[in-house]
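The opening position of the sequence shown corresponds to residue 1 in full-length UniProt numbering, with each subsequent residue numbered one higher.
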Amino acid sequence: MSIENLTSSSSSSTYPPGRVYSNGSGTEDYQRTPKPIHDALSPISPQSIYVNYQQHQSQFNSLDNVINRDVAGYVFSLFFDYVHPLTPCLHRPTFLMEVETRRDEKDPVFFALVLSVLASAMVQIPKALLPPINNIPAREMADRCYQVSRLVSLNAYDPPTIEMVITRFLDAVYHLVSGRLGAQGMSTYNTFVALSWRLTNNVPVAAYPISAEVRRRMFGLIFTSDKSAACLRDRPIFLATEECDVMMPREVDDEYITRTEYLDFPPHATSTLAGFKFIGDAIVLRRQVRRETPLTPENILAYLRRIESISDDLKAVLKDVPSALRLEETPAPFDIPETNQEWGQDMLAQLDVYFSQAYQSRSIAKEAFLVLKGNIYVTHALARYVLLKCRDEIVDQTNPDGGVTLTATARMISIFTSRQDKYEHIVLDLLKALHSIPIQNLAVNGPSLVNKVRYVAVALLDALDAQNPVSPEGAYLLDFLGILSEIEQVI
């Protein structure tokens, strides 16, 4: 169905001829659906939605009461194209089948999940890709979906379910991307819900493969996002590795997981779930270093060896990345453009064309592996940066003011640091990764990639400026931050 057909019809339009519903009837079923009530809400606000919900609770029992189901289906397709590769919290065939059979009209928890999927998708996908919805801006519709999701799930916490864990995770994403004050609290609360559901404990998978994989995926998402948040916000890690025994998800696409078994995944194919862990060990090590100050000479050498080991593991990760997720190898070294102005103008021109013709050019940025590449290589740079900061904090404790002054220890530190990573190497590798991925794919990565690049770039610029205030790498990276700011404005 074309986007014109979706957006030209009102929310009470009929379904296309021949549509089959769960009870086998035709469009008569749809005509008996209560009339959507959201037209009366103007302007949209949490209070107006709450009051309307209290007065018309019986009408908040279907997706059709909040948003046209066909438009929602189009947003779901955007979610699975652009958001799901980075946050694989659902089993796509099962979710879409249950939306098709209108489970949202029978199960308030699933209804809340559906609305939270829509809300998180609308704030992460560039606005130009989203259809106009009854002349309501996408961000306002996202807020409506979020508010109704919260209201219909008020009494759905006991007992906690995996759907509720996913819903609260998506709500936390919505808060974070929207810049709401409660973002950090939502993330903490979601961790608590996950612990209540014993998400950190391993369970047998033989009988229910889909449930087991969704559980593993949600653990992986919460576990890694906890560590990323600890790094980006400099807060404690809530989920300790030693307290979790659940396995990471299998690198198998949704179509190969059924209710009763795992189907054989093609041996030479690459799953979009490949590469789910990069940064955890580096962040844990840095926390340990900070907790154990002042360090003894033995601790210093032990930590430096650990840093070297993790650094080797990070190098091995990129060597083991499936071919579909690798950057294209070029025989010549990466060259910084001589004139950043022309390069920046070219990038902005590409963005203007892409976002002005988003529906027509959607296929340009639809490739899931290109979306993943951007996040993988930026996260890899973030892990390398955290390791270097950890090393610097250790080295700082060996100076005369910091305590350890033993000549042998200092000599060993010199040997370790001379063969380890350098900030300028991270900058060049990060720029090479960003430059080799089409700007459209960086754009659809959305806030996740923008925040990581900004964190790494600003930190690396500080390190580079101390060594060379006018380095071409620093100037080029600064220009890339400007491009990402342009991307952020259209998300």
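Just so it is clear, CB atoms sit at the ideal spot from N, CA and C, and this is done for glycine as well.
Taking 8 Å as the cut-off, does the segment 162 to 173 touch the segment 109 to 122 (at least 3 CB pairs, one atom from each stretch)? Yes, the segment 109 to 122 touches the segment 162 to 173.
For Cys145 and Asn109, the rounded distance between their alpha carbons: In the sequence shown, the residue the question calls residue 109 occupies position 109. In the sequence shown, the residue the question calls residue 145 occupies position 145. Looking at the sequence shown, residue 109 is not Asn but Val. Near 14 Å, if we compare the C-alpha coordinates of Cys145 and Val109.
Assuming Ser120 contacts Val173 (C-beta within less than 8 Å), just tell me the rounded distance between them. As a first step, residue 120 is located in the sequence shown; it is residue number 120 there, counting from the start. As a first step, residue 173 is located in the sequence shown; it is residue number 173 there, counting from the start. Their Cβ separation, rounded to whole angstroms, is 5 Å, which keeps Ser120 and Val173 in contact under 8 Å.
Relative to the C-alpha of residue 560, which candidate in Ile310, Pro131, Ile162, Phe111 has its C-alpha closest? With the chain covering 1 to 491 only, the question about residue 560 has no answer from this structure.
Between the alpha carbons of Pro85 and Arg305, how many angstroms are there, rounded? For the purposes of this step, residue 85 is taken as the residue at position 85 of the sequence shown. For the purposes of this step, residue 305 is taken as the residue at position 305 of the sequence shown. Whole-angstrom Cα-Cα distance: 34 Å.
Give a yes or no on whether the C-beta atoms belonging to Glu255 and Leu263 are separated by under 9 Å. Taking the first residue of the sequence shown as 1, we reach residue 255 at position 255. Taking the first residue of the sequence shown as 1, we reach residue 263 at position 263. Contact flag set, yes.
Look at the alpha carbon of Cys390 and the alpha carbon of Arg216, and state the distance between them as a whole number of angstroms. To locate residue 390, count along the sequence shown from 1; it is residue 390. To locate residue 216, count along the sequence shown from 1; it is residue 216. Approximately 30 Å between the Cα atoms of the pair.
Are there 16 or more other CB atoms within 10 angstroms of the CB of Pro400, so buried, or fewer, so exposed? Translated into positions along the sequence shown, residue 400 becomes position 400. Caution is warranted here: a pLDDT of 47 is assigned to Pro400, below 50, making its placement in the model unreliable, and the coordinate value is therefore given only provisionally. Answer is exposed; the Cβ neighbour count stays below 16.
Since Leu273 and Pro88 are thought to touch, with beta carbons under 8 Å apart, how far apart are those beta carbons, to the nearest angstrom? Taking the sequence shown and counting its residues from 1, one reaches residue 273 at position 273. Taking the sequence shown and counting its residues from 1, one reaches residue 88 at position 88. Contact holds; Cβ gap of about 6 Å.
Quick one: what's got a C-beta closer than 6 Å to Ile257's C-beta in the same chain, skipping five residues either side? Numbered from 1 along the sequence shown, position 257 holds the residue referred to as residue 257. So the list reads Pro209, Ile210, Glu213, once near-sequence residues are dropped.
On the three-state DSSP scale, how would you describe Ile67? On the sequence shown, residue 67 is found 67 positions in, with the first residue counted as 1. Under the three-state reduction of DSSP output, Ile67 falls in the coil class, being neither helix nor strand.
Start-to-end residues for the alpha helix (DSSP H) that takes in Cys145: Here residue 145 refers to the residue found at position 145 when the sequence shown is read from its first residue. Per DSSP, Cys145 belongs to the alpha helix (DSSP H) from 138 to 152.
On the DSSP letters alone, give me the boundaries of the alpha helix (DSSP H) that Ser309 sits inside. Within the sequence shown, residue 309 is the residue found at index 309, counting from 1. Counting along the chain, the alpha helix (DSSP H) containing Ser309 begins and ends at 297 to 320.
Proximity to Leu430 [Cα-Cα], best of Glu393, Thr379, Asp392, Gln397: For the purposes of this step, residue 430 is taken as residue 430 along the sequence shown, with counting starting at 1. The residue with the shortest Cα to Cα distance from Leu430 is Thr379.
Out of Ala128, Gln124, Asp313, Leu318, which has the shortest C-alpha to C-alpha gap to Phe80? Numbered from its first residue, the sequence shown carries residue 80 at position 80. Residue Gln124 holds the alpha-carbon nearest to the alpha-carbon of Phe80 among Ala128, Gln124, Asp313, Leu318.
Specify the secondary structure class of Tyr74 as computed by DSSP and reduced to three states. Here residue 74 corresponds to residue number 74 of the sequence shown, with the count starting at 1. Looking at Tyr74 - three-state DSSP - the assignment turns out to be helix.
Under 9 Å between the Cβ atoms of Ala433 and Gly374? Position 433 of the sequence shown, counted from the start, is the residue given in the question as residue 433. Position 374 of the sequence shown, counted from the start, is the residue given in the question as residue 374. Contact: yes.
Report the three-state DSSP secondary structure of Tyr262 (helix, strand or coil). Residue numbering aside, residue 262 sits at position 262 when the sequence shown is read from its first letter. Note: Tyr262 maps to strand in three-state DSSP.
Using a Cβ-Cβ cut-off of 8 Å (strictly less than) and excluding sequence neighbours within five positions of His268, which residues of its own chain qualify? Taking the first residue of the sequence shown as position 1, residue 268 is located at position 268. Hits under 8 Å: none found.
Using DSSP with H/G/I as helix, E/B as strand and the rest coil, what is Ile257? Numbered from its first residue, the sequence shown carries residue 257 at position 257. DSSP, reduced to helix, strand and coil, places Ile257 within a strand of the structure shown.
DSSP three-state assignment for Ile133, whether helix, strand or coil: Here residue 133 refers to the residue found at position 133 when the sequence shown is read from its first residue. Three-state result, Ile133: strand.
Quick check: the Cα distance between Asn65 and Pro236, rounded to an integer number of angstroms? Within the sequence shown, the letter at position 65 stands for residue 65. Within the sequence shown, the letter at position 236 stands for residue 236. Taking the straight line from one Cα to the other gives about 42 Å.
Could you check whether Asp107 and Leu63 sit closer than 9 Å to each other, using their CB atoms as the reference points? As a first step, residue 63 must be located in the sequence shown, where it is residue number 63. As a first step, residue 107 must be located in the sequence shown, where it is residue number 107. No, these two residues do not count as a Cβ contact at 9 Å.
Using DSSP with H/G/I as helix, E/B as strand and the rest coil, what is Ala269? On the sequence shown, residue 269 is found 269 positions in, with the first residue counted as 1. Of the three classes helix, strand and coil, the one that applies to Ala269 here is coil, per DSSP.
So is Ala230 buried or exposed if we call it buried at 16+ other beta carbons inside 10 Å? Taking the first residue of the sequence shown as 1, we reach residue 230 at position 230. Buried.
DSSP-derived helix/strand/coil call for His91: Here residue 91 refers to the residue found at position 91 of the sequence shown. Of the three classes helix, strand and coil, the one that applies to His91 here is coil, per DSSP.
According to the neighbour-count rule (16 or more other Cβ atoms, all chains shown, within 10 Å of its Cβ), is Pro160 buried or exposed? The residue labelled residue 160 in the question sits at position 160 within the sequence shown. If you draw a 10 Å sphere on the C-beta of Pro160, you find 16 or more other C-beta atoms in it, and that means buried.
Buried versus exposed, by CB contacts within 10 Å (16 or more), Thr296: The residue labelled residue 296 in the question sits at position 296 within the sequence shown. By the Cβ neighbour-count rule, Thr296 is exposed, with fewer than 16 other Cβ atoms within 10 Å of its own.
For a test of the three-state rule: what should DSSP assign to Leu431, helix, strand or coil? By one-based count along the sequence shown, residue 431 stands at place 431. DSSP places Leu431 in helix when its eight states are reduced to three.
Using the three-state DSSP reduction, which class does Glu251 fall into: helix, strand or coil? For the purposes of this step, residue 251 is taken as the residue at position 251 of the sequence shown. Residue state, collapsed to three classes: coil.
Assigned exposure category for Pro249 - 16 Cβ within 10 Å defines buried: For the purposes of this step, residue 249 is taken as residue 249 along the sequence shown, with counting starting at 1. Buried, since its Cβ has 16 or more Cβ neighbours within 10 Å.
So Leu387 and Ile300 are supposed to be a Cβ contact under 8 Å. How far apart are they, rounded? Taking the sequence shown and counting its residues from 1, one reaches residue 387 at position 387. Taking the sequence shown and counting its residues from 1, one reaches residue 300 at position 300. The Cβ separation is near 15 Å, so there is no contact.
DSSP three-state call for Leu422: helix, strand or coil? Against the sequence shown, residue 422 aligns to sequence position 422. It should be noted that the sequence gives Lys, not Leu, for residue 422. Of the three classes helix, strand and coil, the one that applies to Lys422 here is coil, per DSSP.
For the alpha helix (DSSP H) containing Gln124, name the first residue and the last one. Position 124 of the sequence shown, counted from the first residue, corresponds to residue 124. Boundaries of the alpha helix (DSSP H) around Gln124: 108 to 124.
Do you know how far the Cα of Val83 is from the Cα of His91? As a working note, residue 91 is residue 91 in the sequence shown. As a working note, residue 83 is residue 83 in the sequence shown. Looking at the two C-alpha atoms, the distance is approximately 13 Å.
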